[in-house]
Every structure is written in C-alpha cells, then in structure tokens.
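In what follows, a single structure is set out as structure tokens and then discussed.
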Amino acid sequence: MASGTVELEEQQEKLRRVVDEWRCRSHDLLKNLYEDPYGSSSFSDAYSSNSAPICVHAEPSEHSDISTLIELENVLVSKFVTVLSYDCIEISKLTEYARRNIYRQLSLFGHGSSSQVLLEGEPQKTFGRSLSLFMDLSEVTSRMSAVLCNLLQQLDSIYSLQDKNGTPCKSFKNATFTTAFSSFSDGLAMFLILDEILIHNGRIKSYLSLFARMLNKMKFEPDDFGIALGDLDNLDQVASRLEKLLDGGFFRELEQFCHFPQHLLQENPSWVDVLQKVRQNRKFLDACTSFIHNGLSEILSRLDTWKESLLDRRKILCHTALFLFEVYAAAEMPDKRLGKVIAQMLQVVPVIYCEGGGRFMLLDLLRNQFPPSLSSWYTLRDAAMESGTTKNNYLIHLNDMHSRDWQPIKDALACWVVSFQSVIHPMTDLSKVEVCLRLHFKKIIQGILIASRMQMMANSMLDLHALLEVPIKRERLKSLCQMVVLMKVVESAFHNKELDIIKSLPHIISFIQADIEQFFLRAKDELESEIAKGSQVGKMRFLSSLTRGSKDVESRMAYSLSLILLSLQMLRGGGSSKRRLILLVALDFLESIGYLDIGFSRIKKLISKLEMVVDFQSIVKGVTNCSFLYQRKEMIGTWLSMVYMDVDKFSWLQYLLDAFCDGLWHLKLGHVGEFTIHAHEKEIENAVKYEIIAPLCRDIETDLRLHVHSTHLKGSVHVNPRKTGVQNLSWYLQLKPLRIPFKNIDIKLHVETYLNSTFYNHTAMSSYDRKIYLEMRQLAKLKYRLVLDDIHFADHCLGHGIEVIETLQNLQKVATSYSYNITNQVLIEKASGFQGRTTLRIVGVEQVASSLATHGLVSIFTAIESVPKFLAQKLVDLSELLQDNFASSFLVKEFRFWKHEEGSIRNNPFIQGDQHNLTMGKLFFEDHELRYLEQLRYIISEMGNVLGLLRILKAGCSRHVCNISRFIHGSNNSKSFREISEKLGFMDETVTAGRIVDVTLESKYRIKDHLNCFSSLFTVFSKEIQSSKNIPFKDFHLIVPALVISLVDSRANCKDKLLRRSRDRGNQIVMDDGFIMGVAFLLKVTMQEKSFDQMYWFTGMHKYLKEALLSLEEYQDAEQRKASRGISVSRLLGQPASSIGIEAQKQGIDKLKKYQKEVEFIHSSFNIARTAIS
C-alpha cells in the first residue's frame, strides 16, 4: 500500500513538472510569434530606463532665427508676430530649463537620509557645492523677469492701440492672444513654484545664512584659508545678492525689478511703470480676466474625465499665477464671475501634482500670495473655512473615480498594448502605409494619455491618504500597485517600439502638418479668389464673415492673407517648438481679425497632438516616471509581499522595482549626497531580500522537508501534491535576474546559496541527517531545477576515538559532562556520562585535527559562533545567584572582613574559609539541593569547560595546518595564481578566477585569525559586566577565596573516597581545571585581577599552611616523647597506653599536607589559566 502511494506521488509530481514546463514554453512561443523583432517583452525582459546604457533621443531642431523664419511683405504683421513670438519662445525655453535643472534640485537641496547625521560645517559645504545652482537660479529669474516685462509691455501697447483705434489694432474685432497670455502665465507660474519650494524647503535660506556668516568670519583671516581677499569679496557679494533675492520672494519681487543687473534696467522699463500703465488699461485687464475665466471653465469641465488633456493640471497652476497677477495689477476685488470659477476650482481640484510630483495646495498658495489689502475676499474666506472638508471630499471623489474608471482603464490599456505591439509588415501600397502610420500616431497619443491618467490617480491617492492619515483598503492598495506596474508596462512598450517610432516620426509629423495645411489652403484659395475678382461686392460679402461694418477692407484682407502665408510657411518645416509657437501666435492674430471658417479649435487640437508626438520621448518619460514613490518608500515592503503571496502577480516584480528605482533617478538629478543614494539603494535591496527572497527560501525549504519527511517520519500522513504545496514556487526561480541600477539580483542563485548553506550546516551539526538532506537536495533538483552543491561529508572519522562533530553539537552537554585538564589540553568525560559504556570519551587536540581533516573548518566555526551565547546565558545565571539575599549578606560580610581585618586574614586565611564553609546555608538549584558555593563552582566550571574547549579547538586547528603544510610549497617558491595568469596573458576571466583561488587558499591556511576569539570575547563581556546592570559582579574577587577553599575540600574528599575499596564509578576523580579557567576569565572581564592580586591570598595561604604544619609536627614530636615515657609507667601500673591522640594528630598532619598540595596545584593551574587567556 505504501509503495503504491509513493508511486502515485511520483506520477503526480511528474505531471506537475510537465504542466509547468508547458506554461514556460507557451510564453516563449507567444514571444517569438511571427518572428517580430520588436515583439512584446516577456515578464523577464521588463525595461528600465535607468539601466539603458545607450538611448536615442529624437527631436526636431530649428537652426534659423525668428527674423529669418518670419519674412513677410506686410511689415506691420511681421513686427507684431515677431515680437510676441520671440517673447513666447524665450519664456518656453526658460520654463523648460527651470523644469529640468532647477525645480527638482531646489526641492532636494540639503536632503539627506533619516539615518544621516549632519556634522558641523556640512551646511556651508553643501551650499558651496551648490553655488552654481543658485547662480543659474539668479540668471534664469533675471532673464524671465525681463522677458515677462517686455511681453507685458507689448500686450499693454496692443490693447492701448486698440482703445485709440490705431493701426493695425483697429482691424481686430476681438483681440484674444491666447498664446501670449498662456506664455505669460507660464512665466508667472515659474516664480510661483519657486516661492512654494522656498516655503517648503527651509534649508535653502538657513544654509545660505550660515554660508554668508562663514564668509564674514573668513574676511578677518583670509590667508589662513588660502583665498584671495578679492575673491572672498566677490563671493560675499554673490551671497548678499542671493539673500536679497530669496528673502523677498520671486513672485512679489516682480513689482520692483530692482534686484536684477543695471544694464537690464536700461534696456527694459521698470515693473513699476509697466504695472501702472496696465492698471489703467481696462481692455487688457478684461482680456486677462476673460482668458482666466474661459481657460479655467474649459479645463474644469473636462477634468477627471477621458477628455482631460495632458497639461490641464499644469495649466490650472498657470491660470492661478495669472489670476494673482491680475488681482495685483487691478488692485481691486475680483469680479463675481471670476470668483465663482476660482471657488469651483478650489472645490474640484484643491491639490495639484506637477513638476516632479510636487504637491501644491491651491488654497494655501492663494493665501500666501494674495495681496494683504484684499485678503478679506469672500471666496478665500469661505474656502479657508471649508478647507478640511474639501480635502476629504476630494479624496472621496478620487476613490469613487478609481472605482468607476479603473476597470475601463485596464481594458483600454490591454487593447492598447496588443494593438501597439502588433507587427507592422513592410507595405508597398502608400495608402496602407499612411493608414498604418495614422493608427500608430493615434496609439502614441492614447498610450500617453492613459499613463498620465494613471500617474495622476496613483500619486494623488497615495499622497492624500498619507496627508489626511486615512488608511487604504487592501484591495485598493493592490489596484494602486497594479496601476504603478502598468505605468512601467507602458514605458516598456514605448521603449520596445522606440526605434520604430523614431523611424516613422518624420512621416507622422508630415501628415499631421498636411492635415493642418488643408484648413489654411482652403481659406487661402477663397481669399485669393476674392482678391483677384477685384469686386467691391465680393469683398464686402467675404468680409461680412470677418467683421460686420468694417471700413478698411483691403488692410484686413492683406493681414489675413499674410498670416495664412506665414502659417503655411511654418508648417513646411520639421515641426520644431519655435515653428509651432510662431504658428500659434499667427493663429491668434488671424482669429482676432474676425470669424473665418477655418476651424481654429480643430487646428489647435492638432497642434497639441503634434507637440505630444514630436517630444514623445520626454513626455513618456514624464508620465511613466514614478519618482513620487520616493516619498512613499514604506509601500515597497507591502507591495512586494502582495506580489509574493499571489503567484499570478510574479510578472509585476521587475516593473515594481523599476518604479521604486525611479527615486534613485530623482535623487541623482537632485544632486544629493552619495550617502542618501546608497541608503535608498539599500532600502530597495533589503525589501527584495526580506519580502521576496527570504520567504521564498523558507517556503521552498519547508516544501522539501514536508515531502521528504513524510516518507521517513513514523505516523505522519503522506503529502498529497494536489492539496499540499499548491502555491507554485518554481515560477519565481524562472525569473531572469532582477535588474536594478546598482546591481542584478538573481533569485535562483540566492535560493541555491541559502539551501547549500542550510543543508551543509545541518549536516555538519547533525551528521545522522545526512541522508535526509541528500534526498532534499535531489528533490530540489527535480522539482525546482536547482543546482546544489554536493554535501562532502563522511559519515564518521576513519581514525579511532570519538566523533568531535557530534560532541560539538551540544555545548551544554560538553560543559556538564566533561572536565577540562589545562595541562594536557583535553576534555575528559565525567563518570556520570557513561550511559552504559565501559570507556571514557576524551576530546583532545588530535581528535580535533582528525575531524578537521574529514569535515573541514565550517563545523568548527559553527561551534565557535555559539560560544558567546552560551557564556552570556551562564553570566545571567551567575548574576541571578549573586543577587540572592543570602549571597548579598555573604558578600557584605566578606567586604567588611577584608576592609577591617586585612592583617589577620593574611595570617589565617584558611580559618576564614573554614568559617564560611561551616556557616553557609543551603540553596536549591533545579532539583538538587546544593550549597551556595557548590552552585557557584558548578556554573563557573561550565564556563571554564567551554573556554577550555575553545583552546583545544584552536590547538587542533594549528595541528591540522601543521599536518597539511607539507603539501604546500615554500614561501619562496609559491606564487600568486593571479600574477601567473597576468604574466601568461590570459583573459580577464582567468585572472579573476586566479584571484578568487588566491583568496580561498589564503583564508583556508590562515585560520588562526578566525580562531583567535578570546580578545573579542573579553571586549564584549567586559562592557556588559561593567555596565550598571551587572552590579553583582562588582566585588566578585572577594568570594574567590571561599570558592577555592570549597574546591580544596571537595578535591580532598574525592581523593579519600577514591582510596576506599567500596568505590564506584560515581566516586572517581574529576579534574576541576574548568573552574580555575572560569575564575580567571571572570576576573579578566570584570577587571578585578589587580584587586585579587592585592589580597595576596595564595601567599598567605601557603604561609599559614606551612606554619600550621610545622606547629603540628612539633606538637606531635613532643607528644610522642611524652607517650614513650608514659608507656613504661603504664606497663608498671599494668594499664594499656592510649593512642587516640597520636592518631588524631597524624590525621591532622595528613590533611594539612593534602590541603597544601591541593593549594599549590590550584595556584599553579590558576597561573597557567591567566597566562592562557591574557
């Protein structure tokens, strides 16, 4: 029956392996289907942007300047477009530079790991290393302020000319320059973001203050620092300018423009003059209000829907900045229409996440920057009262949106991945190629929008739950984890198709521009036909669609035609950002002239899509960037444990690590210290180690044990493979090494290393389990395809004697069942440990050397590692015994005696010991009634026996090295394998292997460094015993004399029993050098050797015994002479002579002689022990 069950289990195990192998092959077959060179990556080929050594970045560039691009016969139109385009292009460049090189660096300035200690002078050094960053900040803000001032002046002039009905502004029906206002708001948003960063990162101003203070101190002694006084003055001026720049705040400093260089003041009017003109220009303020209202209304209507565009949330921040500027410029309360849309904005989206995942609370931002004179605005007041409720409602809204949209997002993404990764075969039909490219273009836009939506949801929900301290449900947490994983899936998909997209990029740009051209060409043809007719009726009929009642028909037609021609010219380039901005400005001018049926909204949508396609690499990197997880580092352990518990989610592992490694990219771009980066790397590595590798190792070991032990242990139920071990752990072993920026983690290799170490250690400590671990090793190879090392252990030593490895398995048994002989360096088994045998076991140097030759050093090192734990436990037991009430009173008596009767004890130390021996009470230790001194001796002897074992192991290892040294070449002839490989010109791999062999041989033959553990033991236990928690060891040396006297009595009585005829095995002599070794160790670690030596106890004892023995011998001689005279008298009287007194005196002398020999022997052994442990 049993054999049938075993066969059934084997068949089921084979069936499981076949199914697992088929699943693995199915992945490979699907991957290589149709031989797609850019096919979908499997779970093991997940892409990480941080690990790519080489990447291609494609972006259209423009080498022509604006004046060359804008060449029109109409000078007025050319001037208008050139001026506004130049300012918009400069603002775009500056904001992009700040986004890439300033925002993140300022946010992380001074950031360090939580475990990093900030030393004195580090803030000054940190600021000095980042001085170039602040110089860039000063230059960028200076340039931005000048460009904004110029753009503001141009807009003010345009609307002022329109008020005066000037030319060409009189041709505008409704001047709405969306691109100019949008660029102006972008520039203002940059100052707003910088102010928020300064508010949240207080280290910037504090470090700058410390740096300036340091420069002031250095001025007094510049020669001591090796710096010229002129250079020091320049640094001081830079620091002063930076302090002035940062203290005022960037946004409010716009009103003065006084902190910039003087040459800019000469070329540009001051902000004060411009703002005064703007305050009086009602048309401009109305246009600004209209832009804010219409823009926010349009954005809020599509927010949190599938119609939300990529930059909508960033535009909300820009509109907020423009609103603050408009409030300051108008110097009056905002109108009700604008107040309603602002209130709606604060309700719908109170938090904005942009610019590297930074959090911007819109209400706090408005309150910080709002003019103090208008701080009583009712919209802000009401929003402040409902601030907490608004945040909670927004979190509830996000959770509801997640529940509503999460499944559609997954479905859309699944369809997108399949279609995006589809194979594109070469086509000869151009119409089909265009259809394919248009589909590719559509999928690029769709993938970017889906990733952006997932990033917004994941970042917002994680941050708000942490901010409001609201726990996340486990199912929602798992879905957020999947959301992060899918973001990296999108990144991987774009990476796999990146070269294909780059090849198709010029064609995609071309047909998008061709679509836009169609709108302009129709208007151009119609306009040219009307101009060619020269009919005033035709002109009026056409211009009736532009502006009703217009008188200057020719000029409006000329302006419109010039703008159309300029737009067509911009569409015939490569789609660079410069051409796109000029096109948008021209489109705004064309729209301002009047209503033309050319589809302005459709053209702007196509232009926005063109922007996404042209810069798709940077945009994809931004929308799939998970650096916000650095602020949520605690999630990595939770998510990894979720992945491990669900075998279906094993493919998430690489993507999840890539997401958290984005934090490293975030830190490196922020130029934080190496300590912080290494700390985050360690956190990621430890998370994988403790949440994936360690549980996997334990579960695989448990699975192997269950299957193997079920056939060996009696009474156990056989394991059913269909019910037990259902979780298939082999999938984790089939993963390719996990790639993270700083190393590769091979899960299979870690599991193999763990099982090799476990099987070896258990076999070394329990040699009788060798067969079981060999079966577990074979099962691991069959079931998990693990390649494990052979267990090179013999069952027993071939030499005679006992097996040392079996003896070392239990240190407690060694300490209690053996006695240590310090002279012969052996452990002798006590009579109580015979267990029916007729011989005693001995552990000596030869036995250790023989065992090392068979089993190697690992078993010895394993035993040595357990010694400190054993000694620590014995010290605890000894401390408890010394804290007993009886022990305390005993130590007090000893202390008083040695303090007040020092002289007398030196003359009579033996009596002092005898008095204690007679007056001691009895205590209980486990089930035996032992006297107090015997209990102390028992514990100290166990410690000494183990310390003696360490000496034997050390000597045995030295003997083993001596034995094998005959097979090693002399030092003069031996050469390094690495050096020989280099001289012979082998490859690097061979040289590396030679170096590994050298290290292995060196560590094998220089084992004395590993075994010289006495010094480390003394260091550790000295600190522990001398601490306040171990006060009982303070006067330990005072009780040593009583312990020695107790040992002398015990040894003397033991030898007396040995000479009797009725002795048994329990009365045989026992060596007590372990006690002496333990006393020497305790005196060493308690640093009481000197105190004990100052007692001169052994000297006094020798003197007392010698004098006592001499006195007894003299008294015996006198008594014998008297007895000889008394014999004759007794005989005369006929009475027998008494011999009782003489016999008693002989016994006393014999006892004293025994004591004298024992004390001498103990003194000699004590000196040897102290020398051995010194």
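Be aware that the sequence shown starts at 701, since it is given in this note's numbering, and climbs by one per residue. Just so it is clear, CB atoms sit at the ideal spot from N, CA and C, and this is done for glycine as well. Bear in mind that the values here come from a model prediction, so they are computed numbers and not experimental data.
Residues bridged to residue i [DSSP beta-bridge criterion]
{"i": "Cys-1054", "result": "Gly-1058"}
{"i": "Val-859", "result": "Just to set this straight, residue 859 is Tyr in the shown sequence, not Val. Answer by DSSP bridge pairing: none, since Tyr-859 is not bridged."}
{"i": "Leu-1527", "result": "Tyr-1520 and Val-1543"}
{"i": "Ile-1440", "result": "Lys-1443"}
Neighbourhood of residue i by C-beta distance below 7 angstroms, restricted to the same chain and skipping five residues each side
{"i": "Ser-837", "result": "Contrary to the premise, residue 837 reads as Leu rather than Ser in this sequence. These residues qualify, in order along the chain: Ile-802."}
{"i": "Asn-1510", "result": "none"}
{"i": "Glu-1055", "result": "Arg-799, Tyr-803 and Ile-893"}
{"i": "Ser-1087", "result": "Leu-1063"}
Spatially closest choice to residue i from the options, by CA coordinates
{"i": "His-1019", "options": "Ala-1693, Leu-806 and Ala-880", "result": "Ala-880"}
{"i": "Arg-1951", "options": "Lys-1007, Leu-769, Ile-1652 and Asp-1100", "result": "As shown, the chain starts at 701 and ends at 1874. That puts residue 1951 outside it, with no answer to give."}
{"i": "Val-1699", "options": "Gln-1107, Thr-1719 and Ser-1676", "result": "Ser-1676"}
{"i": "Gln-824", "options": "Leu-1180, Met-1033, Lys-1755 and Met-914", "result": "Met-914"}
{"i": "Lys-1321", "options": "Pro-1568, Ile-1393 and Gln-1155", "result": "Gln-1155"}
{"i": "Asp-1348", "options": "Gln-1182, Ile-1319, Lys-1569 and Gly-1088", "result": "Gln-1182"}
{"i": "Phe-950", "options": "Lys-1382, Gln-1069, Leu-908 and Trp-1339", "result": "Gln-1069"}
{"i": "Asp-1200", "options": "Arg-1695, Gln-1317, Asn-1099 and Leu-1263", "result": "Gln-1317"}
{"i": "Leu-1578", "options": "Gly-1544, Thr-1562 and Tyr-1638", "result": "Tyr-1638"}
{"i": "Gly-1648", "options": "Tyr-1632, Pro-1741, Ile-1745 and Ile-1776", "result": "Ile-1776"}
{"i": "Ser-1341", "options": "Ser-764, Arg-1174 and Ser-761", "result": "Arg-1174"}
{"i": "Lys-1448", "options": "His-1371, Leu-1429 and Leu-1310", "result": "Leu-1429"}
{"i": "Gln-980", "options": "Lys-1224, Arg-941, Ser-1292 and Ala-1030", "result": "Ala-1030"}
{"i": "Val-1049", "options": "Asp-1688, Asp-1012, Pro-1034 and Leu-1038", "result": "Asp-1012"}
{"i": "Cys-1662", "options": "Phe-1300, Val-1548 and Phe-827", "result": "Val-1548"}
{"i": "Val-1189", "options": "Ser-1262, Lys-1132, Leu-1113 and Leu-1139", "result": "Leu-1113"}
{"i": "Lys-977", "options": "Tyr-1344, Glu-1682 and Gln-854", "result": "Gln-854"}
Close-in-space but distant-in-sequence residues of the same chain around residue i (CB under 6 angstroms, 5 per side omitted)
{"i": "Pro-1071", "result": "Tyr-1028"}
{"i": "Phe-1360", "result": "Leu-1329, Ile-1336 and Ile-1384"}
{"i": "Ile-789", "result": "Lys-1278 and Leu-1281"}
{"i": "Gly-887", "result": "Ile-791, Met-844 and Leu-848"}
Range of the contiguous alpha helix (DSSP H) that encloses residue i
{"i": "Leu-1429", "result": "Premise fails: Leu-1429 is in no alpha helix (DSSP H) and is neither H nor E."}
{"i": "His-763", "result": "Note, His-763: premise wrong, no alpha helix (DSSP H); not H, not E."}
{"i": "Phe-1781", "result": "1773-1785"}
{"i": "Asn-774", "result": "That residue, Asn-774, is in no alpha helix (DSSP H); it is neither H nor E in DSSP."}
{"i": "Ala-1083", "result": "1078-1085"}
{"i": "Ala-987", "result": "982-1002"}
{"i": "Ala-758", "result": "Segment: none, Ala-758 is in no alpha helix (DSSP H) and carries neither H nor E."}
{"i": "Arg-941", "result": "929-948"}
{"i": "Asn-1663", "result": "1632-1664"}
{"i": "Phe-951", "result": "Phe-951 -> no alpha helix (DSSP H), and no H or E assigned at all."}
{"i": "Ser-1341", "result": "1335-1345"}
Element boundaries [beta strand (DSSP E), containing residue i]
{"i": "Asn-1898", "result": "Past the edges of the chain, shown from 701 to 1874, lies residue 1898, and the structure says nothing about it."}
Cβ-based neighbour list, residue i, same chain, cut-off 8 angstroms, excluding 5 preceding and 5 following
{"i": "Met-1101", "result": "Asp-1004 and Met-1157"}
{"i": "Leu-1618", "result": "Its pLDDT being 30, under 50, Leu-1618 is placed unreliably by the model, and the measurement read from it follows with that caveat. Nothing meets the Cβ criterion."}
{"i": "Gly-1848", "result": "Leu-1812"}
*Assess, as a yes-or-no matter, whether the segment 1508-1523 is touched by the segment 1643-1651 under the definition of 3 or more beta carbon pairs within less than 8 angstroms.*
yes
*Should the segment 1268-1280 be called in touch with the segment 766-782, which here means at least 3 C-beta pairs below 8 angstroms?*
yes
*Indicate whether the contact test is met: 3 or more Cβ pairs, each with one atom in the segment 1090-1105 and one in the segment 1164-1171, closer than 8 angstroms.*
yes
*Decide yes or no for the touch test of the segment 1075-1087 against the segment 1037-1047: beta carbon pairs closer than 8 angstroms, at least 3 of them.*
yes
*Report yes or no: do the segment 848-861 and the segment 984-995 share at least 3 C-beta pairs separated by less than 8 angstroms?*
yes
*Check whether the segment 1392-1403 touches the segment 838-845, taking contact to mean three or more Cβ pairs, one atom from each stretch, closer than 8 angstroms.*
no
*Does the segment 1781-1801 come close enough to the segment 1731-1741 that 3 or more CB-CB pairs lie under 8 angstroms?*
yes
*Could you tell me whether the segment 1189-1205 touches the segment 1142-1149, where touching means 3 or more Cβ pairs closer than 8 angstroms?*
yes
*Would the segment 1848-1859 and the segment 1739-1759 be scored as touching if the rule is three or more Cβ pairs under 8 angstroms?*
yes
*Count the CB pairs spanning the segment 1441-1459 and the segment 1481-1491 that are closer than 8 angstroms, and state whether there are at least three.*
yes
*Report yes or no: do three or more beta-carbon pairs, one from the segment 848-857 and one from the segment 914-933, lie closer than 8 angstroms?*
no
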